[in-house]
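Chains as they are written, first to last, in this note's numbering: chain A, 1 to 114; chain B, 1 to 115.
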């Protein structure tokens with residue numbers, strides 16, 4: 001079955017440490033997205049990529065970095081500059097970005113501070 | 001810019017009774033609207049989408065939503081709640097002002113279903 005795989009499911013970060021969240025999709029989608037979800041809030045966009053080797057900042061990009069070296073993969077690094085990283089992180093993908101095609105989501109990674 | 005407002009943070013129903021989750025949107029264009037469902041510690045699953053075709057949209061698991069332009073609403077309904085419907089529901093609008101498919105999420109409505 002096609003879908004989006006996020007790993008790990010749970011992740012713990014120490015002070016001053018960078019951590020990387022994995023996102024892989026086999027839907028042959030061009031566009032990929034990273035969202036952050038906090039309790040009682042909707043999802044907020046961190047970064048998005050419409051094509052390989054290109055990505056753009058979303059609404060809350062500070063303290064995060066991404067890469068898009070392959071169409072299938074869009075890893076997110078939470079750097080030590082992100083002072084409040086505890087959240088649920090969701091990766092999504094979609095087809096043609098200017099259309100009304102829905103985004104498909106992975107099952108998320110929950111990041112906590114040790 | 002587009003926005004959505006989910007009018008209730010929590011909705012409680014009994015199993016077998018109707019469900020109504022309310023959503024109002026703000027958009028300067030004819031919007032694309034979606035409802036997603038999220039079960040605990042899971043990703044979001046698409047329930048249904050409105051894309052300027054029929055105003056009454058049928059989705060999965062017996063859910064449907066009606067687009068009312070005059071009221072700028074896109075409320076989600078189901079005739080009879082099931083225990084498995086207990087989850088968080090998000091109303092979402094696609095922002096046409098940007099050069100990509102930016103989704104704007106409501107803050108969510110938690111649906112509680114009692115036996």
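Built from N, CA and C at the ideal position, the CB exists for glycine as well.
Confirm, please, whether the CB-CB distance from residue j to residue i is below 8 Å.
i: residue 86 of chain A; j: residue 112 of chain A; result: yes
i: residue 32 of chain B; j: residue 109 of chain B; result: no
i: residue 67 of chain B; j: residue 77 of chain B; result: no
i: residue 7 of chain B; j: residue 22 of chain B; result: yes
i: residue 104 of chain B; j: residue 38 of chain B; result: no
i: residue 63 of chain B; j: residue 102 of chain A; result: no
i: residue 36 of chain B; j: residue 90 of chain B; result: yes
i: residue 28 of chain B; j: residue 72 of chain B; result: no
i: residue 110 of chain A; j: residue 14 of chain A; result: no
Where do the N-terminal and C-terminal ends of the beta strand (DSSP E) with residue i fall, by residue?
i: residue 111 of chain A; result: 109–113
i: residue 57 of chain A; result: 54–57
i: residue 68 of chain B; result: 64–68
i: residue 79 of chain A; result: Taken as a continuous stretch (DSSP letters only), residue 79 of chain A belongs to no beta strand (DSSP E), as it is neither H nor E.
i: residue 75 of chain B; result: 73–78
i: residue 85 of chain B; result: Counting along the chain, residue 85 of chain B falls outside any beta strand (DSSP E), and DSSP gives it neither H nor E.
i: residue 110 of chain B; result: 109–114
Based on the DSSP output, what are the partners of residue i in its beta bridges?
i: residue 15 of chain B; result: Looking at the DSSP assignment, residue 15 of chain B forms no beta bridge with any residue, so it has no partner.
i: residue 32 of chain A; result: A:49, A:93
i: residue 104 of chain A; result: A:93
i: residue 20 of chain A; result: A:77
i: residue 88 of chain A; result: A:37, A:110
Is the CB of residue i under 8 Å away from at least one CB in chain B?
i: residue 7 of chain A; result: no
i: residue 41 of chain A; result: yes
i: residue 115 of chain A; result: Given a span of 1 to 114 for chain A in the structure shown, any question on residue 115 of chain A remains unanswerable.
i: residue 25 of chain A; result: no
i: residue 64 of chain A; result: no
i: residue 107 of chain A; result: yes
i: residue 102 of chain A; result: yes
i: residue 31 of chain A; result: yes
Using three-state DSSP, classify residue i as helix, strand or coil.
i: residue 38 of chain A; result: coil
i: residue 60 of chain A; result: coil
i: residue 8 of chain B; result: coil
i: residue 26 of chain A; result: coil
i: residue 7 of chain A; result: strand
i: residue 26 of chain B; result: strand
Using a beta-carbon distance below 8 Å, is residue i in contact with chain A?
i: residue 43 of chain B; result: yes
i: residue 101 of chain B; result: yes
i: residue 68 of chain B; result: no
i: residue 94 of chain B; result: yes
i: residue 109 of chain B; result: no
Flag residue i as yes when its Cβ comes closer than 7 Å to any non-hydrogen atom of the ligand PLP, and as no otherwise.
i: residue 4 of chain B; result: Questions concerning the ligand PLP fall outside what the structure shown contains, since it holds no ligand whatsoever.
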